[in-house]
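Residue numbers (the numbering used here), protein chains in the order written: chain Y, 17 to 129; chain E, 2 to 114.
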């Protein structure tokens with residue numbers, strides 16, 4: 017199973033772009049990169065995912081390097097409500113079931129006024 | 002309101018007692034999951050169900066059981082609670098074909114004394 021490495025914490029100024037890195041050097045060809053976040057005391061929230069192409073939605077952009085060994089989640093204009101723990105997850109395939117996600121410890125992003 | 006409903010929100014339980022955490026979704030998602038979240042350990046998958054009538058074990062299934070009699074409900078039962086099961090429990094669901102995009106409930110905080 018591919019593992020991910022994220023910084024423990026990051027700070028960002030309100031209104032600026034937040035760039036959250038993730039290393040997944042052992043990722044295999046059929047594994048996707050998923051990003052979730054968890055605001056304090058709430059359930060995790062899906063943000064975005066990708067395989068090898070860059071992706072963008074209403075919440076964020078995902079940039080995956082060409083070798084797929086790392087990725088960056090970009091929040092283009094961070095707000096105070098974006099303060100949360102951000103999880104980078106590589107989808108795990110196990111025993112024929114493809115319905116499992118393994119969450120690590122994530123990055124605590126603090127958006128400052 | 003569409004989404005996942007968990008109950009109870011919070012519960013204090015004596016060790017040795019039986020407890021069922023309820024989870025109901027109204028999105029007609031085929032897959033459902035139970036995670037526990039402990040400080041410093043992230044989210045760990047307890048049990049999952051790919052579709053009604055089937056269940057599977059996750060990373061930490063011991064001491065827990067689940068059932069999936071229908072699409073909407075996925076209760077988690079602690080037959081004889083122990084203090085190490087003190088945790089925040091999250092139920093989640095996903096739609097077929099988009100298994101990595103989980104929708105989470107707001108969690109159930111369980112304290113076993």
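Glycine included, C-beta positions come from ideal geometry on N, C-alpha and C.
query                                                                                                                                                                            : result
If residue 127 of chain Y sits next to residue 88 of chain Y, beta carbons under 8 Å apart, how far is it from one beta carbon to the other, in whole angstroms?                 : In fact, because the Cβ distance is near 17 Å, the residues do not count as touching under 8 Å.
What would DSSP say about residue 27 of chain Y, mapped onto helix, strand or coil?                                                                                              : strand
Does DSSP classify residue 96 of chain Y as helix, strand or coil?                                                                                                               : helix
So, is the C-beta of residue 11 of chain E closer than 7 Å to a C-beta in chain Y?                                                                                               : no
Among E/87, E/31, E/24, which residue has its Cα nearest to the Cα of residue 114 of chain E?                                                                                    : E/87
Would residue 47 of chain E be called buried (16 or more neighbouring beta carbons within 10 Å of its own) or exposed?                                                           : buried
Between the segment 89-96 of chain E and the segment 20-40 of chain E, can you find at least three pairs of beta-carbon atoms closer than 8 Å?                                   : yes
Are the CB atoms of residue 82 of chain E and residue 16 of chain E nearer to each other than 7 Å?                                                                               : yes
List, in chain order, every chain Y residue whose beta-carbon is nearer than 8 Å to that of residue 103 of chain E.                                                              : 52, 60, 62, 117
Just grab the DSSP bridge partners of residue 22 of chain Y for me.                                                                                                              : Residue 22 of chain Y is not bridged to any residue.
How far does the beta strand (DSSP E) with residue 48 of chain E in it reach, from first residue to last?                                                                        : 43-50
Let me see if you follow: with CB-CB separation under 7 Å, is residue 97 of chain Y close to chain E or not?                                                                     : no
Spell out the partners DSSP gives residue 64 of chain E in its beta bridges.                                                                                                     : DSSP lists no partner for residue 64 of chain E.
For my contact list, residue 73 of chain E and residue 26 of chain E are in at a C-beta cut-off of 8 Å; report their separation, rounded to the angstrom.                        : 6 Å
Can you find the residues in the same chain that come closer than 7 Å, C-beta to C-beta, to residue 54 of chain E, ignoring five residues on each side of it along the sequence? : 69
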